[in-house]
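Structure first, commentary second.
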Amino acid sequence: MDTVRIAVVGAGVIGLSTASCISQLVPRCSVTVLSDKFTPDTTSNVAAGMLIPHKYPDTPVPTLKQWFLETFQHLSAIAKSAEATDAGVHLVSG
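Under the working numbering, the residues of the sequence shown are numbered 1 to 94, in order.
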């Protein structure tokens with residue numbers, strides 16, 4: 001089987017997350033990230049995000065709870081790993 005070549009447009013948090021997920025989930029792929037700017041020529045090397053439960057009108061509450069739980073478990077595992085600092089994932093309260 002040939003290697004699948006995939007391009008992701010954008011090197012922000014969404015683009016890089018998408019590229020990372022694709023490279024992990026798609027066997028035999030080559031992922032290229034395209035962007036007009038890369039570090040250090042960007043506004044910032046960090047992006048802040050918060051995990052907050054949110055209700056989507058057409059999505060059943062049990063599904064929302066499952067999504068939140070899976071996301072929290074995934075981020076918690078990263079935050080507790082040796083790669084937490086490099087990944088920029090930290091648990092904070094407030």
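Beta carbons are placed, not taken as given, at the ideal position from N, Cα and C, and that holds for glycine.
- Annotation: the continuous alpha helix (DSSP H) that includes Ala77 extends over Val61 to Ala79.
- Counted as a single uninterrupted DSSP element, the alpha helix (DSSP H) harbouring Thr85 occupies residues Ala84 to Ala87.
- Separation of Gln24 and Gly94 (C-alpha to C-alpha, rounded to the nearest whole angstrom) is 33 Å.
- Straight-line measurement puts the Cα of Pro62 at about 11 Å from the Cα of Lys55.
- A direct Cα-to-Cα measurement between Phe68 and Ile6 gives close to 28 Å.
- Between the C-alpha atoms of Ser76 and Val4 there is a straight-line separation of about 32 Å.
- Apart from sequence neighbours up to five positions away, the residues of its chain that approach Ile78 with a beta-carbon distance below 7 Å are Ala84, Ala87 and Val89, ordered along the chain.
- Residue burial is scored here from C-beta neighbours: Ala48 has fewer than 16 other C-beta atoms within 10 angstroms and is therefore classed as exposed.
- Between Val33 and Ala11 a beta carbon distance of about 5 Å is seen, short of the 8 Å cut, so the two are scored as contacting.
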